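Q: Sharing a structure with you now.
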Amino acid sequence: MSTLAPTPVRGLTASDPLLAWRQEFPILEHTTYMISHSLGPMPRRAEAALAEFTRTWATRGIRAWEEGWWEMPVTCGDLIGRIIGAPPGRVVMHQNVSICQALVTSCFDWSGPRNKLVTDGLNFPSNDYIYHGLERQGAEIVSVASQDGLTVPLEDILDAIDEDTHLVSISHVAFRSSALQDLAAIAERAHAAGAYLVADLYQSAGIVPLDVTALGVDFATGGSVKWLLGGPGAGYLYVRPDLDASLEPAATGWAAHARPFDFEAGPIEYAPDIHRFLNGTPNVPAMYSARSGYEIVAEIGVPAIREKSVRQTQRLIELADAAGLTVRSPRDPEHRGGTVILGVPDEDGRAIVAELGRRQILVDFRPGAGVRIAPHFYTSDDEIAHTIHEFASIVNP
Ligand SMILES: Cc1ncc(COP(=O)(O)O)c(C=O)c1O
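In terms of numbering that gives the first Met the number 0, the sequence shown opens at residue 0 and continues consecutively.
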């Protein structure tokens, strides 16, 4: 039984130039890091960025707000915009997806006849919890079930959208199975019915090329801890440019006011632009930390990341098949994100992950799904083989 990490990849960068990025991620020196669908590794430059935050706080004090901190939710959002195809000034930063989703749903009146919220059965639970909370305002939540636990058929989602639908919510890549959904077709159907579409991009941005403008989504949410390698506390919300005038989020705060520093009492007068989707004091250190990851992903380019991801996830599946393991992700790369899920009995999942962790291979387990394994641009082919070899030696000793 081998417990060693695979041989160093120095010298292999000619055949795989993306491996040159490994030196930017200290944890890769001793760990097989297959878990960027959960928490991406820290880039070295994030440490310098956080030091810049404390230096700015120490030396500029309160002047830092007007010297960049106050606008950071939008300037930092622009860095995400480059990755997801949003024009400048259309993405704002919040702490997490849950806040962004609550903000989106608070834009609508759920007590009228158009009270349906159609969501996909593989959506992230946080989103479900928020939607069901709207029932007390009169919303009807229609969750389109997944029969196989892997996918929600596109046709079923399209059929569920009707003239009573106010909002459709879709996870672009399902966290449980890595199934990739057809957002463009759903946007078209939602708009034909007079509904809005919110897409959760958390499991796609940074690993699957996407363009919110071309896809026609109305809102998109996501965060930075996963494929974008940005660390916690830096969620984002995209809103389609022409929607500002018609949307008034009830979940709001003083940063969304047209003149926040006038501190006017009474009902809010919303800012005329993307600032109307802010709430209170922004999470400044999280944005300092997160920028490094966005810069790296943008520098490499998502198409190059995807090309490698498709090749390596295919290889992972081939090796899993050869080892007699159960693959619980779509096999067609066209319908799969960056993670491959291997089925294991629910009662064994955590022990398998813990044993892999002892062997310095980091993956995770989700009940009802399996063990999630994710290469990213820094992964070597040796690490793919090593992960499957060790996995197989644990489940079939
Ligand atoms: C698709 C998806 N949406 C949302 C979340 C969680 O979002 P947050 O913790 O930012 O609210 C996750 C993962 O944690 C996820 O995979």
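Backbone N, C-alpha and C fix where the C-beta goes; we use that ideal spot for every residue, glycine too. Because the structure is a prediction, the values reported are computed rather than measured.
1. Run the proximity test for residue 96: is its beta-carbon closer than 7 Å to any non-hydrogen atom belonging to ligand 1?
2. What three-state label does DSSP hand residue 29 in the structure shown?
3. Can you give me the C-alpha to C-alpha distance between residue 307 and residue 174, rounded to a whole angstrom?
4. Beta carbon of residue 77, beta carbon of residue 113: below 8 Å?
5. Between residue 179 and residue 151, is the Cβ-Cβ spacing less than 8 Å?
6. Please classify residue 378: is it buried, with 16 or more other beta-carbons within 10 angstroms of its beta-carbon, or exposed?
7. Leaving out five residues before and five after residue 341 in sequence, what residues of the same chain have Cβ atoms less than 8 Å from its Cβ?
8. Quick one: does the C-beta of residue 293 sit closer than 7 Å to a heavy atom of ligand 1?
9. In terms of alpha-carbon separation, which member of 322, 362 and 381 lies closest to residue 38?
10. Counting C-beta neighbours from all protein chains within 10 Å, is the total for residue 256 16 or more, i.e. buried, or is it exposed?
11. Quick check on the DSSP output: the alpha helix (DSSP H) that includes residue 305 runs from which residue to which?
12. Assuming contact is defined by CB atoms lying nearer than 8 Å, are residue 140 and residue 130 in contact in what I supplied?
13. Measuring CA to CA, which of 316, 62 and 126 is closest to residue 330?
14. Unbroken alpha helix (DSSP H) runs of length 4 or more, entirely within the region 318-395: which are they?
15. Ordered along the chain, which non-local residues of its own chain (more than five positions away) have a Cβ less than 6 Å from that of residue 3?
16. Tell me which same chain residues have a C-beta within less than 8 Å of the C-beta of residue 352, skipping the five on either side of it?
17. Taking only the alpha-carbon atoms, compute the straight-line gap between residue 59 and residue 53 and give it to the nearest angstrom.
18. To the nearest whole angstrom, what separates the beta carbons of residue 252 and residue 93, a pair I think is in contact under 8 Å?
19. Taking the Cβ atom as the reference point for each residue, do residue 99 and residue 289 lie within a distance shorter than 8 Å?
20. At which residues does the beta strand (DSSP E) containing residue 219 begin and terminate?
21. So, do the region 204-212 and the region 58-73 have three or more beta carbon pairs nearer to each other than 8 Å?
A: According to the data block:
1. yes
2. coil
3. 20 Å
4. no
5. no
6. buried
7. 319, 324, 325, 326, 327, 369, 370, 372 and 390
8. no
9. 362
10. buried
11. 301-321
12. yes
13. 316
14. 345-357 and 380-394
15. Confidence at residue 3 is low in this model, with a pLDDT of 45, below 50, so the placement of that residue should be treated as unreliable; the coordinate-derived value is given next. Nothing meets the Cβ criterion.
16. 362, 363, 364 and 370
17. 10 Å
18. The Cβ separation is near 11 Å, so there is no contact.
19. no
20. 218-221
21. no
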